[in-house]
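K.L.:
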């Protein structure tokens with residue numbers, strides 16, 4: 571028992587050391603005071619919502635009104651309840667990754683209950699899963715297949731708060747994003763760069779998912795396919811409730 575306890579303590583110590591190293595390396599250009607505060611907070615403060623983000627997914631998004639603007643998106647998600655996943659999105663899986671957006675994921679039965687206006691904000695995941703564009707890096711193949719058999723029939727609503735393909739700062743309004751729906755849409759160089767970085771093959775993933783059934787897409791999703799896009803713009807509004 572002493573050996574087990576010592577091993578557990580050593581593991582916890584190693585995890586804390588790694589976390590502290592990550593915090594220090596990211597904040598190396600900050601003041602000493604801020605670095606000390608960051609390390610202390612990282613070591614002792616519980617962060618339950620972040621710790622619950624158990625799923626790590628990597629894929630690609632395009633801007634809802636511009637297929638030519640395509641970006642890689644690293645998701646960290648929790649299956650919050652039976653009909654809702656919620657994800658935070660970064661530009662990479664590095665300690666210094668930039669937070670670029672959020673995504674909500676729902677099953678088809680919940681999507682069908684949405685209003686026509688609301689459906690315009692959602693995209694299907696059928697092609698992303700079947701094509702191999704959406705992956706769960708590092709988990710065993712059987713576990714990934716089981717996960718994606720469920721995800722292939724879901725729908726996502728995604729907003730990016732940082733247009734990192736253009737700016738080095740999170741300027742402007744959040745932007746609605748969409749997913750790809752057929753071959754020939756995504757820039758192959760993005761996929762090649764992702765595959766090289768993560769040591770995977772999108773084509774191999776695609777081949778191994780051939781027997782995952784391809785679902786029909788519910789009407790109202792992927793609104794851009796009809797030639798009309800929904801996007802957020804900044805506009806002036808009258809302030810209400812002023813005394």
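In our numbering, the protein residues as written are 571 to 813.
Every residue, glycine too, gets a C-beta built ideally from N, C-alpha and C.
1) Alpha carbons only, please: which of 635, 733 and 697 is nearest the one belonging to residue 754?
2) Given a cut-off of 8 Å, decide if residue 661 and residue 644 are closer than it, judged by their beta-carbon atoms.
3) Ignoring anything shorter than 3 residues or poking outside the segment 611-658, list the beta strand (DSSP E) runs there in chain order.
4) Tell me the residue span of the alpha helix (DSSP H) that contains residue 712.
5) Would DSSP call residue 673 helix, strand or coil?
6) Suppose only complete runs of 4+ residues qualify. What are the alpha helix (DSSP H) ranges in the segment 739-780, listed by chain order?
7) Tell me, to the nearest whole angstrom, how far the beta carbon of residue 630 is from that of residue 750; I am working on the premise that it is less than 8 Å.
8) Whole-angstrom Cβ separation of residue 670 and residue 731, contact assumed at under 8 Å?
9) Reducing DSSP to helix, strand and coil, say where residue 696 ends up.
10) Using the Cβ count rule (16 or more neighbours within 10 Å means buried), how would you classify residue 757?
11) On a CA-only basis, which of 729, 628, 722 and 623 is nearest residue 768? Give me that one, please.
12) Tell me where the alpha helix (DSSP H) around residue 681 begins and ends.
13) Give me the residue from 674, 782, 668 and 777 with the minimum Cα distance to residue 746.
14) Would you kindly work out how many angstroms separate the C-alpha atoms of residue 617 and residue 650, rounded to a whole number?
15) Just verifying my parser: in three-state terms, what is the DSSP assignment at residue 727?
16) Counting pairs of Cβ atoms below 8 Å between the segment 695-712 and the segment 676-683, do you hit three or more?
17) What does DSSP give as the partner residue(s) for residue 660 in the beta ladder?
18) Whole-angstrom Cβ separation of residue 686 and residue 797, contact assumed at under 8 Å?
19) Could you pull the start and end residues of the alpha helix (DSSP H) that residue 687 belongs to?
20) Using the DSSP secondary-structure output, state which residues sit across from residue 705 in a beta bridge.
21) Please classify residue 632 as buried or exposed, where buried requires at least 16 other C-beta atoms within 10 Å of its C-beta.
22) Measuring straight from C-alpha to C-alpha, what distance separates residue 787 and residue 718?
23) Work out the CA separation of residue 695 and residue 654 for me, nearest whole Å.
P.N.:
On the basis of the data shown:
1) For the purposes of this step, residue 754 is taken as residue 184 along the chain shown, with counting starting at 1. Of 635, 733 and 697, the residue nearest in Cα terms is 697.
2) On the chain shown, residue 644 is found 74 positions in, with the first residue counted as 1. On the chain shown, residue 661 is found 91 positions in, with the first residue counted as 1. Result yes, Cβ atoms of residue 644 and residue 661 sit closer than 8 Å.
3) 625-633 and 636-651
4) As a first step, residue 712 must be located in the chain shown, where it is residue number 142. 711-721 is the span of the alpha helix (DSSP H), which, as asked, contains residue 712.
5) By one-based count along the chain shown, residue 673 stands at place 103. Three-state result, residue 673: strand.
6) 758-768 and 772-778
7) Start at 1 with the first residue of the chain shown, and residue 630 comes out as number 60. Start at 1 with the first residue of the chain shown, and residue 750 comes out as number 180. Sure, about 7 Å apart at Cβ, within 8 Å.
8) To locate residue 670, count along the chain shown from 1; it is residue 100. To locate residue 731, count along the chain shown from 1; it is residue 161. Yes, they are in contact, since the Cβ atoms of residue 670 and residue 731 sit about 6 Å apart, within 8 Å.
9) To locate residue 696, count along the chain shown from 1; it is residue 126. When secondary structure is reduced to three states using DSSP, residue 696 falls in the helix class.
10) Reading the chain shown from its first residue, position 187 is the one you call residue 757. Label assigned to residue 757: exposed.
11) In the chain shown, counting from the first residue as 1, residue 768 sits at position 198. When each option's Cα is compared against that of residue 768, the closest is 628.
12) Position 111 of the chain shown, counted from the first residue, corresponds to residue 681. Per DSSP, residue 681 belongs to the alpha helix (DSSP H) from 678-681.
13) As a working mapping, residue 746 is identified with position 176 in the chain shown. Nearest option by C-alpha distance: 674.
14) On the chain shown, position 47 is the one that residue 617 refers to. On the chain shown, position 80 is the one that residue 650 refers to. Roughly 16 Å separates the two Cα atoms.
15) Here residue 727 refers to the residue found at position 157 of the chain shown. Strand.
16) no
17) Position 90 of the chain shown, counting from 1, holds the residue named residue 660. Note: residue 660 sits in a beta bridge opposite 644 and 669.
18) In the chain shown, residue 686 corresponds to position 116, counting from 1. In the chain shown, residue 797 corresponds to position 227, counting from 1. Wrong, their Cβ atoms sit about 16 Å apart, outside the cutoff.
19) Locating residue 687 in the chain shown gives position 117, counting from the first residue. Note, residue 687: alpha helix (DSSP H), 686-689.
20) Working through the chain shown from its first residue, we reach residue 705 at position 135. The beta-bridge partner set that DSSP reports for residue 705 consists of 628.
21) Stepping through the chain shown from its first residue, residue 632 is reached at position 62. Residue burial is scored here from C-beta neighbours: residue 632 has at least 16 other C-beta atoms within 10 angstroms and is therefore classed as buried.
22) The residue given as residue 787 occupies position 217 in the chain shown. The residue given as residue 718 occupies position 148 in the chain shown. Here the alpha carbon of residue 787 sits roughly 16 Å from the alpha carbon of residue 718.
23) Your numbering for residue 654 matches position 84 in the chain shown. Your numbering for residue 695 matches position 125 in the chain shown. If you take the alpha carbons of residue 654 and residue 695, they lie about 14 Å apart.
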